[in-house]
Every structure is written in C-alpha cells, then in structure tokens.
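Residue numbers (full-length UniProt numbering): 1 to 194. Each residue gets a CB set at the ideal place from its N, CA and C atoms; glycine is no exception.
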C-alpha cells in the first residue's frame, strides 16, 4: 500500500489563480467558518467576490498546496502601494505604527493577505511552507501581515516562523497586530513591538 504523497506547493502569479477560485473558497470556508474566526458564509462569498480584483493587484502571488486534485491550503498577497490603504483593518495598522513607519515599512512591501489551511492539515508544517513560498519573492525581503488578537494560535504560529510582532494590540485587547517577515530590514531598527 502506498503512503499518501506530500502536497506539492505551486506558486501562481496574477489571474492564474482564478482557475482555482472554487477550491480556494472551499478552503476558506473550512478554515474560517470555525473557531476562533467563526465567520459565516457571507464572508466566504465576500472573499470569492474580492479574488478577481485582488488577483489583478501589482505583485499578486498565491501559493497553493495541492495533493492530487485537492487544494489543502493557500497563501496569497500583493505589494502594498502608497498611499497606504484606509479600508478594512489598515487604519488600525497605521495607528499602531505611526505614519512614517507605515510608509517606510509597509508601502512597497509584500503584504500577506490570506494564509489558510484545511483543519485536517493543521500541524503538518504546510502553513509554514505556504508562508515561505508566497513571501520568497518579497522585494528586498520586505513582507508583512495583519492578524487578529482573537487568534492566539495564529500569533504563536507567526512567532515560531520567525515573524516579528511590530505593534501591540489596542488597550482593550482587541483588534489587529502587524507582523514583519523574517527578512524585513526594519526588524532591527527599533525595539518591537511598538
């Protein structure tokens, strides 16, 4: 009897990812409709609606973990262009870093937007492989991401992967924090988290 093969990680650029849109939505549902995220189907629908726009962003890259015809997980992101965005959770990131650091550290860097692995693949090392693959081409090693403080396992995971927390959560312990990638040159400039 043959052992199951390890997933292959494929890196795609731009709209090439759209051929896998249904599979990515399925992975998103499996991962984010459960605790600690507890998102509903509407959030998965929003993700699917955003995907064609996101895939056209400058620097868009996706890494997919594929075994046979199944997608077990994915990571995706793009280059954050100036001016720094003001929608979604971006204002919290800018408030935590300040205007100068936001511009210097995040604009022009590769922003990891999604890192999603089906629950059955948790603990396999797959999320780390996907994160490494999607950030491998980050300009000058500059990569960053946001995560929620409601997800302590995610925060611990990023620390284990060598990412550095650059901001503190809000005083009420809610909201998001910014992480800088292992090769981001700003990591050694100032004591972190700010």
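Residues near residue i by beta carbon distance below 6 Å, same chain, minus five either side
i	result
residue 174	none
residue 176	89, 92, 146 and 148
residue 11	63 and 133
residue 58	79
residue 129	9
Residues near residue i by beta carbon distance below 8 Å, same chain, minus five either side
i	result
residue 118	27, 30, 31, 72 and 73
residue 194	96, 97, 98, 101, 166, 167 and 168
residue 104	186
residue 54	60, 76, 78 and 113
residue 87	none
Residues bridged to residue i [DSSP beta-bridge criterion]
i	result
residue 111	78 and 144
residue 8	66
residue 124	None, per the DSSP bridge assignment.
residue 15	Answer is none; residue 15 lacks a bridge partner.
Of the residues the options, the one placed nearest residue i, counting alpha carbons only
i	options	result
residue 110	131, 121 and 120	131
residue 37	160, 150 and 158	150
residue 13	136, 152, 144 and 87	136
residue 181	56, 116, 144 and 106	144
residue 123	133, 157 and 11	157
residue 107	128, 83 and 115	83
residue 15	9, 50, 45 and 35	50
Contacting residues, own chain, Cβ-Cβ under 7 Å from residue i (five flanking each side not counted)
i	result
residue 7	65, 66, 67, 72 and 126
residue 154	147
residue 192	164, 165 and 166
residue 1	Any answer about residue 1 is weak, because its pLDDT of 46 lies below 50 and its placement is not dependable; what the coordinates show is given next. If we look at residue 1 and ignore the five residues flanking it on each side, it has no Cβ neighbours.
residue 52	18
residue 47	25 and 28
residue 179	144, 145, 147, 158, 163, 164, 165 and 166
residue 121	72 and 73
residue 208	Because the chain here runs from 1 to 194, residue 208 falls outside it and cannot be looked at.
heavy atom of the ligand ZN below 6 Å from residue i C-beta
i	result
residue 182	The ligand ZN is absent from the structure shown, which contains no ligand whatsoever.
Open item on the list: Is it the case that the segment 23 to 33 contacts the segment 56 to 74, given that we only count it when at least three CB pairs across the two stretches are under 8 Å?
Closed with: yes
- [ ] Tell me, please, whether the segment 184 to 194 touches the segment 131 to 147 by the rule of three or more beta-carbon pairs shorter than 8 Å.
- [x] yes
- [ ] Check whether the segment 54 to 68 touches the segment 14 to 22, counting contact only when three or more Cβ pairs, one atom from each stretch, lie closer than 8 Å.
- [x] yes
Open item on the list: Closer than 8 Å is the cut-off here; do at least three beta carbon pairs connect the segment 35 to 42 with the segment 81 to 96?
Closed with: no
Open item on the list: Quick check for students: name the residue ranges of the alpha helix (DSSP H) that lie wholly in the segment 22 to 83, counting only runs of 4 or more.
Closed with: 41 to 54
Task: Within the segment 131 to 194, ranges of the beta strand (DSSP E) (whole runs, at least 3 residues) - done: 143 to 148 and 176 to 180
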